[in-house]
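Number of protein chains: 2
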Amino acid sequence: MKISALQQNRYEYKPKLPKILSEKLETIGIVQSGATKSVGDQEELKKLFANTYGKPVVTFTKGKNPGIKKQLRVGVILSGGQAPGGHNVIAGLYDGIKKGNPASKLFGFLGGPSGLIEGSYIEIKDKLIDGYRNTGGFDIIGSGRTKIETDEQIAASINTAKKMKLDAIVIIGGDDSNTNAALLAEHFLNAKMSTQVIGVPKTIDGDLKNSMIETSFGFDTATKTYSELIGNIERDANSAKKYWHFIKLMGRSASHIALECALQTQPNICLISEEVEEKKMTLRQITDYICSVIAARAENKENFGVILIPEGLVEFVPEMKTLIAELNDLMAVKAADFNALTSFEAQRQWLAQNLSKASSEAFATLPEEIAKQFLMDRDPHGNVQVSRIETEKLLISLVDSKLKSMAKAGTYKGKFSSYNHFFGYEGRCAFPSNFDADYCYSLGFTAFVLIASGFTGYLSSVRNLTSPAKEWTAGGVPLTMMMNMEQRHGSKKPVIKKALVDLNGKPYKAFLKNRETWEVKTSYVFPGAIQYAGPDEVCNQPTQTLMLEKGSPSAKSAKAASKAKSQAKGAGKKASGKK
Amino acid sequence: MKISALQQNRYEYKPKLPKILSEKLETIGIVQSGATKSVGDQEELKKLFANTYGKPVVTFTKGKNPGIKKQLRVGVILSGGQAPGGHNVIAGLYDGIKKGNPASKLFGFLGGPSGLIEGSYIEIKDKLIDGYRNTGGFDIIGSGRTKIETDEQIAASINTAKKMKLDAIVIIGGDDSNTNAALLAEHFLNAKMSTQVIGVPKTIDGDLKNSMIETSFGFDTATKTYSELIGNIERDANSAKKYWHFIKLMGRSASHIALECALQTQPNICLISEEVEEKKMTLRQITDYICSVIAARAENKENFGVILIPEGLVEFVPEMKTLIAELNDLMAVKAADFNALTSFEAQRQWLAQNLSKASSEAFATLPEEIAKQFLMDRDPHGNVQVSRIETEKLLISLVDSKLKSMAKAGTYKGKFSSYNHFFGYEGRCAFPSNFDADYCYSLGFTAFVLIASGFTGYLSSVRNLTSPAKEWTAGGVPLTMMMNMEQRHGSKKPVIKKALVDLNGKPYKAFLKNRETWEVKTSYVFPGAIQYAGPDEVCNQPTQTLMLEKGSPSAKSAKAASKAKSQAKGAGKKASGKK
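Residue numbers (the numbering used here), protein chains in the order written: chain R, 1 to 579; chain E, 1001 to 1579.
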C-alpha cells in the first residue's frame, strides 16, 4: 500500500496529553461533584434514566486508583459522519487500555452501530492502529448512521455485548449517537449487565458543546480546512476583482462552522442561520441584504466578494421552514400520489393544490432547478434532504434578479458575475490538526480511565483547551446532564440539547462588531493550509470560537501576540528554506 | 490589516536560488547556443519576427558580466489567471534589480496588460514587496486578461514605455501572454526602442512547457492543493462507503492537472481529455466506461468511489466539440434572433432548426439543466463558456440513467448515490509551496539577469528542477523558439504551442500502468495539506509529473526513498508534538 510522505511523517507524531494522564495510572485519582441535573425536563428524564440520572461530574486528579490495571475487554464504535481525529480517539483508548493491562483487548465494531447489533467486529492490535495514528477518516473500522432504537436492536446489542464479554463500549459520535449511548448504558443496567458505556463528543458541526464540553472534536480541523479554501478564494477574488463567490459550508443545524470560518477569513458576508431565525428574515430580506452589500462595494468599484452560507440556512427561513415541513407531512401520507406524477409541471400543479397558499407561493418563487431539489432525493422517511438543496445557487439566482431590477431603477451600477462552491466532504477527513490530534488522543485515553474506574453513561470530557495541552483537565460528564425532552417524529424523546450559535455569545458578538467593516472594506485574511510543524502560533492554535468563548488572552489580541511570539522566538527561522 | 499566523511566518522564508544566481552578479557569465528555430512554420515566423527570430538559447555560468550593475527602470505585468508564486517572481525580480543597482526602479502595472496600455502603475518598494513575499494571489498589482493586439493598443504601450523610460518590461503569463510578449518585443525593436521584453512561464494548467521549460509555475501548488482535497474526499468515501464523488478539476485545454492529481491520489477513475480525443470517445462510451467500473466495484460491495474529470473534457468529445463549434458559429451570425427567444423551449426548437442533425441530436441528449449552460453566459465573442458547463453533473446524470437500465437488465446490483465538486479557484491563490516559492523567485531573479545582460524576446528559464535548488540551472529561451502558426478566430496567427498531455509520455504511461488496479481495488493515497516546514520529502518534493518526465530516481521509488530518508534523518522528530 502506497502512503503519502505526510502520512508517513504523521505516524511519528506523539500527541500531547494533559499532565494528569501522563502520570502513573494508579495515581490518577477520581474527584466527584455532587449530584447533577439535566438541562431540562428533570422529572421525565429521572424516570427514563432511573439508573444513570443525576450522577456526579468526574474530574481526574493526583490520587489513588488501585483498580485501574484490571484486565478489560472493550468495544469501540464510530458513529455518524466523519470528523478528523476519530482514529486518534481509538489510539488514545488503545494505548490507555494496553498501558493499564497488556492482556486487555480492544475490539472495533465495523460500519458503525450496526456492527454492535450484528456482532461484526475486529480486534484492534498494534499493527492496525499504527497505520492510522494521527490520520483523518474513519476508515480503520468504518462508520454508519444506524441508531440502536428498536427493542430488537437493543436486544441484539445486549446479546453481542454478552457474547463478547465486554466490560465496556465506547461510542464516538455526535448528539444523537451520544443520546443513544445514554440509552444503551441505561438498558445494560436494566438488563443487570456490567457493560459500561462511554461516549466521546464528535462532530465537525461544533453543536455538541455545553458547560462541560468546550468543543466537539473535528471542528478545529474542518473549519481550518474550509478557511484555507475560503482564504484562497478571497485572495483570488481580490486579484481578479470580477467575481462574487457564494460558498456554502457544511453544518446542518448550527452555523458554528460558518461563523468560525468568518472569524478566520473575514469575508464580506456571512449569513448566520440563528440570526435569520431570530429576526424571522424572509428569503427576500436576505436577498435585499446581500444586494445592498454588493451595491455598496460596486460604488467603490469593487465588483467582487465572498459570501459564506451555512448549509442549513433554508430551514431557518420562516417561509422555507414551513414549506419543508408541509412537504414532509404531505409526502408522509401522499407519497404514492406524488410519485405517480411523471413531469415537474404535473408535480408543480399537484403541489399547488395540496400545499397551503403561503407555501405554494414560496414554492413558486424558487427557480426550477432548485424547486426540483426540494422534491428529489428524499430521505428514507420521505423527508426533504436539506443538504441536497443548493442554497448557494438559490441565492445567486435571487440576487441576480434583484440586481437587474436595481440596475433598471438606477440604484446599482456594478457588474455581477458569480461562482458557487460547497465545502463539506473536503474537510471531514483531513489529517487532524495538532489540536485535534492531541484532543482526540486525550479523549480516548480519558475514556479508558473512566472505564477502568467503573463509570457508565458518561461522556469523555477534556477541558481548559485554550491552555497548553499539559494544563488540560480530564474527566467525565454524565450524559443525562446534557439532556432534555424534544419533539422528534411526532413524539417526545430524550435528547442531548444541541448548541446553536448563541446570539449573545462572544464569537457572534465579535463577528457583529466587525461585520459592517468587512462588508464594504476588503479585509480578507488568508489562513493557508493546516501546518503540523513550526512555531506554536502557526500549528498549535485552537479555533477563534474557542478562544473567544473561553476569554483567552490570545483571542483579545491574537495579532499582537502572534507577532510578538514570532519575533521573540525567532520562530520563522525554523521554517525557512535555509539548508 | 490583520494577517494570518502562516502569512507572518512565510514572510521569513528565504527562497532557495540556483547556485549561479547566488554568486556575485559580475561573475554571472552568459553562454549562448547557436541559432534556434521555431517548433513549426519557420519561414512564416522568421518573417513575422524579423528582429527576434532565431536567437540563441542562453545559459548562465560562472564568468564575467561587467555591465550587470547598470541602473534600470523595469515594469512588470501579471497577466491572465492567478497562479501561486506570482508575488515571488516579482520579489526575485525586485531583489535582483536592487542588488544590481539600488537606484534601479521596478514599476508594477495595475490590473494586467491594460495597465501598460493605460499607463497605470505604481512603483514597487521594500515595504510593499515585503508584505507579499511567499504569499499566493496576484493582489499586489492585480491581473487582467486584456491582450495587446490592436494597433492602438500597441501604440499606447509604446507610448507608456517611452514616457516611463523603461529599459524593460517583464510579462508574467501563460502561452497567450507570452505570445503577446514576443510580439511586443518585436514591435519595440521595429519602433527603434531599446525597451526589452522578458516573459515568465506561468499557469497552473501546466500546458506551457517544452524542451526548455520543464514546468510552468503554480502547477505544483495548485495540484497539491487539489490533491489535498481529493485525498480528503477519498478518505471520506472510504469511511462512509456510500457515495461516488465526481470531481471536476480546472484545466481548460490540457489534462495535466487531472493526471497529476491522479498520480498523487490514485482515484478509481481519471478521465484524460487527450485520450478521449485520440480514441474519439463519445459521451456514451465515457458513460459506459464509468458504469463498468461502478458495476465492478459494486460486485465487491464497494458502492463508492472517486472520479476525476478535466474541466475541458466536453470540448474533446467529438459530438460535443462539433455542437459547441456550431453553437459558436450560429451565435456569431444569429445572436439577435436567438436572444429574442424568451423560453428554453423556444430556444430548443429554434436550435433544432438551425443546428446540423447530429448536433441537434447531441443537444437533445443533454439534461435540461446542462443544456441551458451551453446557451447561457456566453463570452464577449458569443462563444459557449465551456468552464461554466457542469460536466461533472452531466456525467452523473448520464451515469445514473445508464445504471438504472443496467439494474433492470440485471447487470448492475449496487446502490448509486453521488456528489459533485469543482476545484479551481481553491488552488490558484494558495500560499506557494516551497517548490513554487523557490522556482518563482529564481525565475524573477533570472529575468533580471536577462534584462541586465541585454536580452529581449526571451522567456525566463530555470531548469534541472528535480534536483535540489542549488543545482538548478538558469538562463533564457527565445520566445520564437516555442512558436508555430495556428488558426485563431478565422486567421493564422503566431502562437506558443500548447503542451497537451503526451499519450506517449511517462506520466500518462505511469497512470495507464496502474489504472485498471485503481479502478477496482481501492488504492487511495492521502497527500494532506501542503507543508512548508519539516523534512524534505514532506515539504520539498516536486510534482509526480516532473519527476516522471525528468526520470528522477526518486520518482521510481518515491515510497522507498521517502521511508528511508525519514528513518535515516529521524525526520519525524522535528514535527512531533514534544515541547
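Virtual Cβ for every residue (Gly too), placed ideally from N, Cα, C.
For residue i, the three-state DSSP class (helix, strand or coil)
| i | result |
| --- | --- |
| R/His245 | strand |
| E/Leu1048 | helix |
| E/Tyr1524 | coil |
| E/Pro1084 | coil |
| E/Ser1194 | coil |
| R/Ser557 | Low local confidence applies: a pLDDT of 44 at R/Ser557 is under 50, so the model's placement there is unreliable, with the coordinate-based value given in what follows. DSSP places R/Ser557 in coil when its eight states are reduced to three. |
| E/Ser1143 | coil |
| R/Phe60 | strand |
| E/Val1074 | strand |
| E/Glu1392 | helix |
| R/Lys509 | helix |
| R/Pro201 | strand |
| E/Lys1573 | Residue placement at E/Lys1573 is poorly supported in this model, since its pLDDT is 40, which falls under 50; the coordinates still yield a value, given next. Helix. |
| E/Gln1541 | coil |
| R/Cys429 | coil |
| E/Ala1005 | helix |
Per-residue contacts from residue i into chain E (C-beta, under 8 Å)
| i | result |
| --- | --- |
| R/Gly587 | Chain R is shown only over 1 to 579; residue 587 of chain R falls outside these bounds and no answer can be derived. |
| R/Phe596 | Any answer about residue 596 of chain R is impossible in this case: the structure gives chain R only from 1 up to 579. |
Beta-bridge partners of residue i, as assigned by DSSP
| i | result |
| --- | --- |
| E/Gln1487 | E/Lys1492 |
| R/Ser461 | R/Gly475 |
| E/Phe1423 | E/Leu1249 |
| E/Cys1270 | E/Leu1308 |
| E/Phe1338 | BP columns for E/Phe1338 are empty, so no partner. |
| R/Ser79 | R/Gly144 |
| E/Gly1029 | E/Thr1061 |
| E/Ile1122 | E/Gly1108 |
| R/Ser418 | R/Trp244 |
Unbroken alpha helix (DSSP H) run spanning residue i, endpoints
| i | result |
| --- | --- |
| E/Glu1149 | Taken as a continuous stretch (DSSP letters only), E/Glu1149 belongs to no alpha helix (DSSP H), as it is neither H nor E. |
| E/Ile1451 | Asn1434 to Ala1452 |
| E/Gln1353 | Phe1344 to Asn1354 |
| R/Gly206 | Run containing R/Gly206: none; DSSP gives neither H nor E here. |
| R/Ile129 | Asp126 to Asp130 |
| R/Thr221 | Phe219 to Ala240 |
| E/Leu1503 | It is not in any alpha helix (DSSP H) - E/Leu1503 carries neither H nor E in the DSSP assignment. |
| R/Cys261 | His256 to Thr265 |
| R/Glu23 | Note, R/Glu23: premise wrong, no alpha helix (DSSP H); not H, not E. |
| E/Ala1358 | Lys1357 to Ala1364 |
Under 8 Å from the C-beta of residue i: neighbouring residues of chain R
| i | result |
| --- | --- |
| E/Asn1238 | Gly137 and Asp139 |
| E/Tyr1419 | Tyr425 |
| E/Ala1364 | What E/Ala1364 touches in chain R: nothing, since even the nearest Cβ is about 17 Å away. |
| E/His1245 | Tyr425 |
Residue i: first and last residue of the uninterrupted beta strand (DSSP E) it sits in
| i | result |
| --- | --- |
| R/Lys301 | Per DSSP, R/Lys301 belongs to no beta strand (DSSP E) and is neither H nor E. |
| E/Ala1168 | Ala1168 to Gly1173 |
| E/Leu1106 | Lys1105 to Phe1109 |
| R/Glu214 | No beta strand (DSSP E) holds R/Glu214; DSSP gives it neither H nor E. |
Under 9 Å by beta carbon: chain R residues contacting residue i
| i | result |
| --- | --- |
| E/Ser1460 | Neighbours of E/Ser1460 on chain R: none; closest Cβ ~20 Å, over 9 Å. |
| E/Pro1367 | Result: empty, since nearest Cβ-Cβ is about 10 Å, beyond 9 Å. |
Under 9 Å from the C-beta of residue i: neighbouring residues of chain E
| i | result |
| --- | --- |
| R/Ser143 | Ser1239, Ala1240 and Lys1241 |
| R/Gln82 | Arg1235, Asp1236, Ser1239 and Ala1240 |
Within chain R, partners of residue i - CB distance below 7 Å
| i | result |
| --- | --- |
| E/Lys1408 | Chain R residues near E/Lys1408: none, gap ~17 Å exceeds 7 Å. |
7 Å Cβ cut-off: residues of chain E touching residue i
| i | result |
| --- | --- |
| R/Val525 | Lys1002, Ile1003 and Ser1004 |
| R/Pro507 | Those do not exist, as R/Pro507 stays about 16 Å from chain E at its closest Cβ, beyond 7 Å. |
Checklist entry - Are there three or more Cβ pairs, one per stretch, closer than 8 Å when the region 1316-1324 of chain E is compared with the region 1270-1281 of chain E? => result yes
Next on the checklist: Quick check: the region 1078-1092 of chain E against the region 1122-1140 of chain E, are at least 3 beta-carbon pairs closer than 8 Å?
Outcome noted: yes
Checklist entry - On the three-pair Cβ rule with 8 Å, is the region 1414-1424 of chain E touching the region 1230-1248 of chain E? => result Touching, yes.
Checklist entry - Are the region 64-73 of chain R and the region 481-496 of chain R touching, with three or more C-beta to C-beta distances below 8 Å? => result Segments in contact, no.
Next on the checklist: For the structure I just gave you, are there three or more beta carbon pairs, one from the region 1526-1533 of chain E and one from the region 522-537 of chain R, closer than 8 Å?
Outcome noted: yes
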